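Q: Quick one: structure below, then a few questions.
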Amino acid sequence: MELKPVIVNGLVGGAAAWVMATFVSWLHKRYTKDIPEEKKELTYEVEQYREFHVHADFEKTLSTCLSALKLIKKSKLKNVDRINRVVTASVGISFRSFGEKLNFCIKEVSPELMKLSIESKPWFWGTSADYGKNYENIEVVSSHIRAELPTEDL
Numbered sequence: 008m009e010l011k012p013v014i015v016n017g018l019v020g021g022a023a024a025w026v027m028a029t030f031v032s033w034l035h036k037r038y039t040k041d042i043p044e045e046k047k048e049l050t051y052e053v054e055q056y057r058e059f060h061v062h063a064d065f066e067k068t069l070s071t072c073l074s075a076l077k078l079i080k081k082s083k084l085k086n087v088d089r090i091n092r093v094v095t096a097s098v099g100i101s102f103r104s105f106g107e108k109l110n111f112c113i114k115e116v117s118p119e120l121m122k123l124s125i126e127s128k129p130w131f132w133g134t135s136a137d138y139g140k141n142y143e144n145i146e147v148v149s150s151h152i153r154a155e156l157p158t159e160d161l
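Residue numbers (the working numbering): 8 to 161.
If you want it as structure tokens, here you go:
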């Protein structure tokens, strides 16, 4: 067996991997440049989750979640389960991802206090990089809810 083709193929493959890694890193930095430095680490996780208390009744919390959902481009409401108090939505394909799933879970602590859990994750299970898209979804939704209703972190 000749050693020269093996070495050349290894170098070419390594160079191609380096170019791809550099490109993916550049894309991630490009899409996350406006995020404060102390929160940048969160953007590397493709599954994002936030949880906080909302000082409002179920109907007001639900309507605020639905209005927050409208702020995300290409979002589509899939299901509102009032019995289990779960809202399911999806976000369409973009350059940054193959789409996302958004879930809101509203649990009643008392009649005027709800525990709100929000999850944004890739629609496609094999997604390993979303360039901060799910982080952006969660931040847009939670910022809107926090602006509209009194909340407290858990």
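Think of the CB as a built atom: it goes at the ideal place given N, C-alpha and C, for glycine as much as any other residue. The structure displayed is predicted, hence computed values, not measured ones.
Closest by CA to K128, which one among L76, I145 and N91?
A: Residue I145 holds the alpha-carbon nearest to the alpha-carbon of K128 among L76, I145 and N91.
Q: Looking only at its chain, what residues have a beta carbon closer than 7 Å to the beta carbon of W132, apart from the 5 residues adjacent to it on each side?
A: none
Q: Below 8 Å on the Cβ atoms is my contact criterion, and I expect T158 with V61 to pass it. Report the Cβ-Cβ distance as a whole number of Å.
A: 5 Å
Q: Could you tell me the distance, in whole angstroms, from the CA atom of N91 to the CA atom of L73?
A: Near 16 Å, if we compare the C-alpha coordinates of L73 and N91.
Q: Contact between the region 75 to 95 and the region 32 to 48: three or more CB pairs below 8 Å?
A: no
Q: Cutting at 8 Å between CB atoms, please list the residues of its own chain near H4, excluding the five before and the five after it.
A: Residue 4 cannot be examined here, being either before or after the span of the chain that is shown, 8 to 161.
Q: Could you tell me which whole beta strand (DSSP E) segments of length 3 or greater appear in the region 55 to 114?
A: 55 to 61, 82 to 88 and 93 to 98
Q: Three or more C-beta pairs under 8 Å: does that hold for the region 110 to 130 against the region 22 to 31?
A: Because the criterion of three Cβ pairs below 8 Å is not met, the region 110 to 130 and the region 22 to 31 do not touch.
Q: Between the alpha carbons of R103 and S135, how many angstroms are there, rounded?
A: 11 Å
Q: Pick out whichever of I100, F105 and N110 has its Cα sitting closest to the Cα of V87.
A: N110
Q: Could you give the DSSP three-state label for M121: helix, strand or coil?
A: strand
Q: Out of T50, S101 and E66, state which residue places its alpha-carbon closest to the alpha-carbon of V93.
A: E66
Q: Using the Cβ count rule (16 or more neighbours within 10 Å means buried), how would you classify K46?
A: exposed
Q: Starting from the C-beta of R57, find all residues in its chain whose C-beta is less than 7 Å away, skip the five residues before and the five after it, and write them out in chain order.
A: I125, I145 and S149
Q: Taking C-alpha atoms, which residue in T68, M8 and D41 lies nearest to G139?
A: D41
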